[in-house]
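These notes concern the structure reproduced below.
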Amino acid sequence: MFKALLLIFDPIATWEGIFRAQRGMVSLLLAFLLPLLLITSACEAYGLTHWGKWQDQSPGLWGKGQAEVQRLKKFSVSEALVVETAQLVLSLTVVFLGASLVKSIGETFHGRYTYTQTFTTVAYSLSPLFLLRLFDAFTGVSPWVAWGIGIILSFAVLYHGVPRMMEPDPAHAFGLYVISALLLALVSALARFLTAAYLNGKFPKLQATVSDLTARLPF
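For the sequence shown, our numbering begins at 16 and goes up steadily by one.
Structure follows, in structure tokens:
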């Protein structure tokens, strides 16, 4: 979490330190990414169980034209655990998929990048986005506000990360940055849509399945 803050406030020096450290994927995953995701997931789980989320009671994803009626739902500990586990897996998927997409795009710019390079760049660049999920713990904060601020901060971090970590040809560096930023925004927005819609009560059948699953848990 501290590294994510440093990337926001002192990105050039922090990226330089990351470049010199030359961590492998496993080390990065265990020492940085997973702890960050676990902390933010734990905070959001606390918010779900203590403060809850407003949910639409109109049926279906779009409410089928009916007037929306909302109620505040407080999640059980077991349901919050299932939700946050799924969200953690989804967040990891965003990073791994994003790294693959950035690697593929980089090759169209005549660059040869290892997956470790792109994974490192994407994981650290998205850390502000994951950090801003701390605000998802609060009932009154829109998930899209946290995502919007987080992705803008991630764009700023990525701007310094692409040239330092991937070292593209200077003529292609800005184009690689722009397309990478757009791809990461698209993938993370899709993940945000799915989680926000679920917490807002837009997937009643899935909620029923989760409720059935959590009822079988011993806590």
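From the three backbone atoms N, C-alpha and C, an ideal C-beta is built for every residue, glycine too.
Using 9 Å as the threshold, is the C-beta distance between residue i and residue j below it?
i      : j      : result
Leu147 : Leu173 : no
Ala152 : Glu94  : no
Trp66  : Asn215 : no
Gly126 : Pro178 : no
Pro158 : Thr100 : no
Phe47  : Lys18  : yes
Leu232 : Leu96  : yes
Taking the beta strand (DSSP E) that residue i falls in, what are its first and last residues?
i     : result
Trp69 : Lys68 to Asp71
Lys88 : Gln85 to Lys88
How many angstroms separate the CA atom of residue i from the CA atom of residue j?
i      : j      : result
Val98  : Thr29  : 33 Å
His175 : Ala196 : 12 Å
Ala161 : Phe170 : 14 Å
Arg207 : Thr154 : 16 Å
Ala138 : Thr224 : 31 Å
Pro185 : Phe24  : 25 Å
Ile27  : Met180 : 11 Å
Ser56  : Met16  : 13 Å
Gly32  : Gln85  : 48 Å
Leu221 : Leu87  : 18 Å
Ala188 : Arg38  : 23 Å
Gly62  : Leu21  : 26 Å
Tyr213 : Leu45  : 28 Å
Asp227 : Leu43  : 36 Å
Val156 : Leu201 : 21 Å
Ala36  : Thr136 : 13 Å
For residue i, collect the residues of the same chain with a Cβ closer than 8 Å to its Cβ; drop the 5 residues on either side in sequence, then sort them by chain order.
i      : result
Leu141 : Val109, Val110, Gly113, Ser169, Leu199 and Ser203
Ala53  : Going by the sequence as given, residue 53 is Leu instead of Ala. Leu103.
Ser91  : Thr64 and Thr229
Gly165 : Pro143, Leu144, Phe145, Leu146, Leu147 and Arg148
Phe34  : Arg179 and Met180
Leu105 : Ala206, Leu209 and Thr210
Within the same chain, show all residues whose beta-carbon is closer than 7 Å to that of residue i, passing over the 5 residues directly before and after it, in chain order.
i      : result
Met40  : Thr131 and Phe134
Ile194 : Ile120
List the endpoints of the continuous alpha helix (DSSP H) containing residue i.
i      : result
Val193 : Pro185 to Leu214
Ala152 : No alpha helix (DSSP H) holds Ala152; DSSP gives it neither H nor E.
Pro178 : Unbroken run through Pro178: none, as it is neither H nor E.
His65  : Leu49 to His65
Ala28  : Pro26 to Ala36
Lys1   : Only positions 16 to 234 of the chain appear in the structure, and residue 1 is not among them; the question remains open.
Gly113 : Val92 to Thr123
Assuming residue i contacts residue j under a Cβ cut-off of 8 Å, what Cβ separation, rounded to an integer in Å, is found between them?
i      : j      : result
Leu191 : Phe150 : Not confirmed; about 30 Å, so no contact.
Enumerate in chain order the residues of its own chain whose CB-to-CB distance from residue i is below 6 Å, with the five nearest sequence positions on each side excluded.
i      : result
Tyr128 : Lys118, Gly121 and Met181
Leu116 : Leu198
Gly80  : Its pLDDT being 49, under 50, Gly80 is placed unreliably in this model, and the coordinates cannot settle the point.
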